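The C-terminal residue of the sequence shown carries number 430 in my numbering, and the numbering is unbroken.
Built from N, CA and C at the ideal position, the CB exists for glycine as well.
Note that the structure is predicted; figures quoted are calculated from it, not measured.
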Amino acid sequence: MRIALVVHKFPPASIGGTEIYTLNLAQELSRRGHAVFVFYRHDQSTAEQSEAVWEEREGFRAYRVSRAFGVGSAFEQFLDTFFNLDIERAFRRFLDEVRPDVVHFQHVMSLSYRLIRLAKFRKVPVLLTLHDYWFVCSNSQLIWPKGQVCNSKAFGLNCARCALARIRSPMMQPLRPLVAPLLCLRDALVRGAALQADVMVAPSHFLIQQYIRRGFPEERFIYLENGIDVERIKRYPYQPATNGRIRFTYLGSLAWQKGVHILIEAFRGIPMEKAVLRIYGDPTVFPKYAAHLQKIADSTNTFFKGQVPHADVGRVLADTDVVVVPSLWYENSPMVIQEAFAARVPVIASRIGALAEKIQHGVDGLLYPVGDAKALQETVCSLIAYPAQIDAFRTRIPGPVTVQRQVDILEEHYHRVKTKF
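Next up, the structure:
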C-alpha cells in the first residue's frame, strides 16, 4: 500500500513522543514493503515563505514544509495553530505526487485542520490517532493556567476564560474582545475535521472518555496502545547498583505540568547514601522553570543530566531502578512508561488521567495522589525501606505493546477502510 503519515513535527528536529511514535511507525511499515511518505512541518526563524522539499530517509520519504514560527500579528499567530493556506497548498502537491491509498494523521496542530478534509475530498480513507486533547482544547492539555485540570464539558466561554487568563503579552491585548468568538469558531472547525476521519485511534481509554463526554460518538473510536521499538531498549541489559543506593529517574520535558518540582520537593532530605534522583530533560525549552528546579533541588541527591538522545534511552533505563512520572495533567499514554516496562523497570506515577490505567498499583509500580509531594516522598521511602518490592514489581511487569504488534492491527484497519472506497 501507499501510506501517508501526517504529523506536526518530526525527528531529528523534534523528538517528542508523537514524533518518535510516527518515526517508528514509518520504519516498520516500510520494513513490511509498504511505500511510506511522511508530511510534516519544520519551524525555522529564517523561512520568509513556505519551502517544501523531499527528504530521503531510511526506508521512506519525508516531505518537509519549512515555515517561519512566531511571526505576524497576534491574530495571525493564533490562526497559524490550526489554519494555514501555505501548508494546505503544500499538502495538495504532496497528495498529487504520492497518490496515497490511505492517510494516517498523527497531528495537525500548526498545520491546518483542513488537511483531513482535503484528503477526504479526494476520496482517500483517513485514520486519525489522538495523541492529546487538541481537538477539544486549544492548549491540548485540558489544564487551566493556574494548574487545575479542566473537567468542563462546555466550550466557547469556558475556553475563552482559560485563554484570557493566559494573555499577558501587550501585543495580545487587542484580541481580548475576540477571544470567545474565535475559540468557538476554532472549536467548531477542528471538531468537524476530526469527525471526518473514518477511524479515530486512541492509546488510552481515559482519552476516549474525555472525547466522548465532550460530544464525540463512541462508535468512532478504537483503542490501540502505542507500540514501541522494544529491541532498542532491550539491547542494554539491566545493571544493578553496586553501592546499595536506589536509582530513581525522571525522563521527559522540564515543564511545570510534568510535575518535576513535586518530585524534587519529595526528594529533599532523603539521604544520598540511600537513594539518588537523576533528571533527564532539556533545560532550554522552559529555561525559567528549569532554573527554578535547579534552585529548589537538594544538591546532595538530585542530579540534572540534560537531554538524553532518544537512541540512548535504553542505556539510561539499564542504569535505573525506578522511573517516576509525577505529572499534574491528564497524561494520555506516556512513551516513557512503555519504555520503562520494556526495560523491566517499575514506575511510580501520579494518579491522574490515563496513568492509573497504565500502572497497576502494587503490582508493577505504585500510584500516589497527584501533586502531593509528601505522599510521593512516603512512596519513595517505602521502596527505600523495602527494596525487595522493586524486584517483585520487576517480575510482574507486563510486556509492552511492540510497534510490530501495533502495525499488525493498523494494517487491518488500513485495508478495511480502503475497501470502502
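Cβ of residue i within 8 Å of Cβ of residue j?
{"i": "Ala44", "j": "Leu14", "result": "no"}
{"i": "Ile242", "j": "Ala320", "result": "no"}
{"i": "Val412", "j": "Asn33", "result": "yes"}
{"i": "Ile237", "j": "Glu420", "result": "no"}
{"i": "Asp110", "j": "Met10", "result": "yes"}
{"i": "Phe48", "j": "Phe103", "result": "yes"}
{"i": "Ser39", "j": "Phe69", "result": "yes"}
{"i": "Tyr30", "j": "Phe46", "result": "no"}
{"i": "Leu302", "j": "Gly156", "result": "no"}
{"i": "Leu94", "j": "His17", "result": "no"}
{"i": "Glu366", "j": "Ser213", "result": "yes"}
{"i": "Arg287", "j": "Lys314", "result": "yes"}
{"i": "Ile368", "j": "Val379", "result": "no"}
{"i": "Ala211", "j": "Ala189", "result": "no"}
{"i": "Tyr423", "j": "Ile96", "result": "no"}
{"i": "Ala174", "j": "Leu192", "result": "no"}
{"i": "Trp143", "j": "His116", "result": "yes"}
With a 10 Å radius around its C-beta and 16 neighbouring C-beta atoms as the bar for buried, classify residue i as buried or exposed.
{"i": "Ile271", "result": "buried"}
{"i": "Glu340", "result": "buried"}
{"i": "Thr293", "result": "exposed"}
{"i": "Lys383", "result": "exposed"}
{"i": "Tyr232", "result": "exposed"}
{"i": "Tyr395", "result": "exposed"}
{"i": "Arg256", "result": "buried"}
{"i": "Thr251", "result": "exposed"}
{"i": "Gly323", "result": "buried"}
{"i": "Val62", "result": "exposed"}
{"i": "Pro409", "result": "buried"}
{"i": "Gly25", "result": "buried"}
{"i": "Glu282", "result": "exposed"}
{"i": "Gln219", "result": "buried"}
{"i": "Asn160", "result": "exposed"}
{"i": "Pro246", "result": "exposed"}
{"i": "Asp400", "result": "exposed"}
{"i": "Glu65", "result": "exposed"}
{"i": "Ile221", "result": "exposed"}
Please state whether DSSP places residue i in a helix, a strand or coil.
{"i": "Phe19", "result": "coil"}
{"i": "Val145", "result": "coil"}
{"i": "Leu419", "result": "helix"}
{"i": "Val372", "result": "coil"}
{"i": "Thr329", "result": "coil"}
{"i": "Tyr339", "result": "coil"}
{"i": "Gly26", "result": "helix"}
{"i": "Phe46", "result": "strand"}
{"i": "His116", "result": "coil"}
{"i": "Tyr395", "result": "coil"}
{"i": "Arg287", "result": "strand"}
{"i": "Met344", "result": "helix"}
{"i": "Thr428", "result": "helix"}
{"i": "Ile406", "result": "coil"}
{"i": "Thr251", "result": "coil"}
{"i": "Thr411", "result": "strand"}
{"i": "Leu204", "result": "coil"}
{"i": "Glu366", "result": "helix"}
{"i": "Arg11", "result": "strand"}
{"i": "Ala306", "result": "coil"}
{"i": "Val210", "result": "strand"}
{"i": "Val322", "result": "helix"}
{"i": "Ile279", "result": "coil"}
{"i": "Asp196", "result": "helix"}
{"i": "Asp52", "result": "strand"}
{"i": "Val379", "result": "coil"}
Compare the C-beta of residue i with all C-beta atoms of chain E and state if any pair is closer than 8 Å.
{"i": "Glu234", "result": "Protein chains in the displayed structure number just one, and chain E is not present."}
Along the chain, where does the beta strand (DSSP E) that runs through residue i open and close?
{"i": "Tyr232", "result": "230-232"}
{"i": "Tyr220", "result": "Counting along the chain, Tyr220 falls outside any beta strand (DSSP E), though it belongs to the alpha helix (DSSP H) covering 214-221."}
{"i": "Ser262", "result": "It is not in any beta strand (DSSP E) - Ser262 carries neither H nor E in the DSSP assignment."}
{"i": "Lys314", "result": "311-315"}
{"i": "Arg70", "result": "70-76"}
Ends of the alpha helix (DSSP H) at residue i?
{"i": "Leu136", "result": "First-last for Leu136: 135-138, but that is the beta strand (DSSP E), not the alpha helix (DSSP H)."}
{"i": "Phe92", "result": "Note, Phe92: premise wrong, no alpha helix (DSSP H); not H, not E."}
{"i": "Ile242", "result": "239-243"}
{"i": "Ile271", "result": "269-276"}
{"i": "Ala61", "result": "Where Ala61 is concerned, there is no enclosing alpha helix (DSSP H), although the beta strand (DSSP E) it sits in stretches over 60-65."}
{"i": "Ala358", "result": "Ala358 -> not in any alpha helix (DSSP H); beta strand (DSSP E) instead, spanning 356-359."}
{"i": "Arg126", "result": "123-130"}
What distance in whole Å lies between the Cβ atoms of residue j and residue i, which are believed to be in contact at a cut-off of 8 Å?
{"i": "Ala22", "j": "His51", "result": "6 Å"}
{"i": "Arg126", "j": "Ala202", "result": "6 Å"}
{"i": "Tyr289", "j": "Val325", "result": "6 Å"}
{"i": "Pro1", "j": "Ser359", "result": "Nothing can be reported for residue 1, as the shown portion of the chain is limited to 10 through 430."}
{"i": "Phe91", "j": "Arg195", "result": "6 Å"}
{"i": "Leu216", "j": "Val426", "result": "Actually they are not in contact, since the Cβ atoms of Leu216 and Val426 sit about 21 Å apart, beyond 8 Å."}
{"i": "Ile279", "j": "Ala306", "result": "The pair is not a contact, with the Cβ atoms about 12 Å apart (cut-off 8 Å)."}
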